[in-house]
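Peer 1: In our numbering, the protein residues as written are 3 to 363. Even glycine gets a Cβ: it sits at the ideal position worked out from N, Cα and C.
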């Protein structure tokens with residue numbers, strides 16, 4: 003029956019003649035890499051039971067032994083030949099922005115363009131934001147520490163039903179969420195849960211530290227309480243909430259059923275404009291929100307001086323930047339500015355890429 007369905011889909015696509023291919027790879031629960039294959043086409047209404055319109059069909063999951071551009075390309079060609087579809091009739095290809103897919107020299111899109119120059123490549127616009135946020139989260143040590151702390155909070159409470167009961171007793175609203183490398187909306191939910199329930203989460207950690215008989219659990223809870231009562235963490239919490247909320251909002255817009263390339267370009271441009279403005283004024287806004295959190299947690303709103311790591315002196319002509327003495331300015335330069343600059347640096351070439359598609363059409 004499955005084979006009959008595939009042949010029926012292939013027959014409809016052959017009658018439409020031209021089609022586009024969409025691929026994506028992800029490991030399953032057994033860590034086996036699988037490539038999903040989707041074909042998209044425009045039906046002209048000539049087929050007996052397919053009205054005119056745009057259609058997408060999921061074809062299959064394909065187990066792949068290697069995720070290199072060459073192997074994925076060869077797998078794609080093999081599958082199309084099995085369906086009896088002509089590679090020369092491909093008019094569109096869409097993938098994420100992974101190097102093995104979009105690379106201009108050895109990626110799948112480049113190899114397919116060599117064989118069929120009319121296979122117009124369009125990256126997944128929504129997936130762009132996942133990649134951008136992933137880059138931002140790894141920009142500097144403070145950014146990595148922040149998300150590591152959120153993950154530790156979830157892991158600590160979710161490790162047993164007894165600890166989760168303590169959490170639910172004190173936090174009656176949003177639940178903390180685990181972080182995900184692929185679904186960045188989860189990160190938004192994770193930040194949001196702590197941003198608006200910082201006092202409740204901190205109370206739950208303090209109660210857990212006092213009541214648990216597990217030495218490691220007690221140590222972890224006390225460590226997280228100390229982390230949450232650090233003013234640097236509160237400023238980072240306010241900052242990340244504003245930033246991730248804005249990016250997530252635009253990402254949701256781009257996934258709307260009514261979205262097209264014109265409105266998508268407008269949404270993209272509005273996010274870039276917001277980031278440029280936020281770089282100039284956002285740090286002070288984050289301080290205002292962080293001061294409110296500090297007042298609720300009874301924390302002194304002061305940046306603590308970080309211990310400067312001593313470096314071994316070497317007799318070279320290389321000059322190093324002098325450390326910033328003001329801890330507030332140091333946090334702004336080495337955390338806030340770096341993360342926002344990374345966002346702009348990652349989004350601008352993607353915006354130009356979408357603008358090129360817009361200009362063509």
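Near residue 255, what residues of its chain come up, given a Cβ to Cβ distance below 6 angstroms and the 5 sequence neighbours on each side ignored?
Peer 2: Closer than 6 angstroms at the Cβ level, and outside the excluded window around residue 255, lie 269.
Peer 1: Bridge partners of residue 26, per DSSP?
Peer 2: 38
Peer 1: Ignore the nearest five residues each way along the sequence and tell me which others in residue 108's own chain have a CB closer than 6 angstroms to its CB.
Peer 2: 71
Peer 1: With a Cβ-Cβ cutoff of 7 angstroms, do residue 233 and residue 304 count as a contact?
Peer 2: yes
Peer 1: Can you find the residues in the same chain that come closer than 7 angstroms, C-beta to C-beta, to residue 2, ignoring five residues on each side of it along the sequence?
Peer 2: Residue 2 lies beyond the residue range present for the chain, which begins at 3 and ends at 363; the question has no answer from this structure.
Peer 1: Given 8 angstroms as the limit, is there contact between the segment 150 to 158 and the segment 348 to 361, that is, 3 or more CB pairs closer than that?
Peer 2: no
Peer 1: Taking the beta carbon of residue 214 as the centre, do at least 16 other beta carbons fall within 10 Å, making it buried, or is it exposed?
Peer 2: buried
Peer 1: Leaving out five residues before and five after residue 321 in sequence, what residues of the same chain have Cβ atoms less than 7 angstroms from its Cβ?
Peer 2: The pLDDT assigned to residue 321 is 49, lower than 50, so where the model puts this residue is not dependable; a value taken from the coordinates is nonetheless given after this. Contacts found: none.
Peer 1: Quick check: what's the CA-CA separation for residue 148 versus residue 253?
Peer 2: If you draw a straight line from the Cα of residue 148 to the Cα of residue 253, it comes to about 22 angstroms.
Peer 1: In the structure shown, what three-state DSSP assignment does residue 51 receive?
Peer 2: coil
Peer 1: Quick check: the Cα distance between residue 27 and residue 225, rounded to an integer number of angstroms?
Peer 2: 38 angstroms
Peer 1: Work out the CA separation of residue 45 and residue 18 for me, nearest whole Å.
Peer 2: 5 angstroms
Peer 1: Quick one: what's got a C-beta closer than 6 angstroms to residue 52's C-beta in the same chain, skipping five residues either side?
Peer 2: 14 and 45
Peer 1: Using beta-carbon positions only, say whether residue 96 and residue 118 come within less than 7 angstroms of one another.
Peer 2: no
Peer 1: Can you check which of these residues, 239, 175 and 103, is closest to residue 73 by C-alpha distance?
Peer 2: 103
Peer 1: Please work out which residues of its chain come closer than 7 angstroms, Cβ to Cβ, to residue 334, disregarding the five sequence neighbours upstream and downstream, and give them in chain order.
Peer 2: So the list reads 285, once near-sequence residues are dropped.
Peer 1: How is residue 199 classed by DSSP in three states: helix, strand or coil?
Peer 2: Secondary structure of residue 199 (DSSP, three-state): coil.
Peer 1: Can you check whether the CB of residue 240 is closer than 7 angstroms to the CB of residue 288?
Peer 2: yes
Peer 1: Expressed to the nearest angstrom, what Euclidean distance is found between the alpha-carbon atoms of residue 125 and residue 217?
Peer 2: 49 angstroms
Peer 1: Measure from the alpha carbon of residue 223 to the alpha carbon of each residue in 168, 244 and 40, then state which is nearest.
Peer 2: 168
Peer 1: Taking contact to mean at least 3 C-beta pairs separated by less than 8 angstroms, is the segment 55 to 63 in contact with the segment 32 to 42?
Peer 2: Using a C-beta cut-off of 8 angstroms, the segment 55 to 63 makes contact with the segment 32 to 42, since at least three inter-stretch Cβ pairs fall below that distance.
Peer 1: Cutting at 6 angstroms between CB atoms, please list the residues of its own chain near residue 9, excluding the five before and the five after it.
Peer 2: Cβ neighbours of residue 9 beyond the five flanking positions: none.
Peer 1: Under three-state DSSP, which class holds residue 321?
Peer 2: The pLDDT assigned to residue 321 is 49, lower than 50, so where the model puts this residue is not dependable, and the model offers no usable value.
Peer 1: In chain order, what are the residue ranges of uninterrupted alpha helix (DSSP H) at least 4 long that sit wholly in the segment 200 to 288?
Peer 2: 200 to 213, 217 to 230 and 233 to 256
Peer 1: Is DSSP giving residue 19 helix, strand or coil here?
Peer 2: coil
Peer 1: In whole angstroms, give me the CA-to-CA distance for residue 384 and residue 139.
Peer 2: Residue 384 is absent from the structure shown; the chain starts at 3 and stops at 363.
Peer 1: Applying the 10 Å Cβ sphere with the 16-neighbour rule, what's the burial state of residue 67?
Peer 2: Within 10 angstroms of the beta-carbon of residue 67 lie fewer than 16 other beta-carbons, which makes it exposed.
Peer 1: Considering Cα atoms alone, identify which of 48, 47, 347 and 37 is closest to residue 78.
Peer 2: Relative to the Cα of residue 78, the nearest Cα in the group 48, 47, 347 and 37 belongs to 37.
Peer 1: Which full runs of the alpha helix (DSSP H) of 4+ residues lie inside the segment 70 to 124, going along the chain?
Peer 2: 71 to 85, 101 to 104 and 110 to 117
Peer 1: Short of 7 angstroms in beta carbon distance, which residues of its chain neighbour residue 12, apart from the five on each side in sequence? Order them along the chain.
Peer 2: By the criterion of a C-beta distance shorter than 7 angstroms, residue 12 is surrounded in its chain by 85, 86 and 87, once the five residues flanking it on both sides are discounted.
Peer 1: What are the residues that DSSP puts in a beta bridge with residue 294?
Peer 2: For residue 294, which the question treats as bridged, DSSP gives no partner whatsoever.
Peer 1: Counting along the chain, where does the alpha helix (DSSP H) carrying residue 303 start and finish?
Peer 2: For residue 303, no alpha helix (DSSP H) segment is defined, and its DSSP state is neither H nor E.
Peer 1: Does DSSP put residue 64 in a helix, a strand or coil?
Peer 2: strand
Peer 1: What three-state label does DSSP hand residue 363 in the structure shown?
Peer 2: coil
Peer 1: Just to confirm, is the Cβ distance from residue 277 to residue 346 under 7 angstroms?
Peer 2: yes
Peer 1: On the criterion of 16 or more Cβ atoms from any shown chain inside 10 Å, does residue 116 qualify as buried, or is it exposed?
Peer 2: exposed
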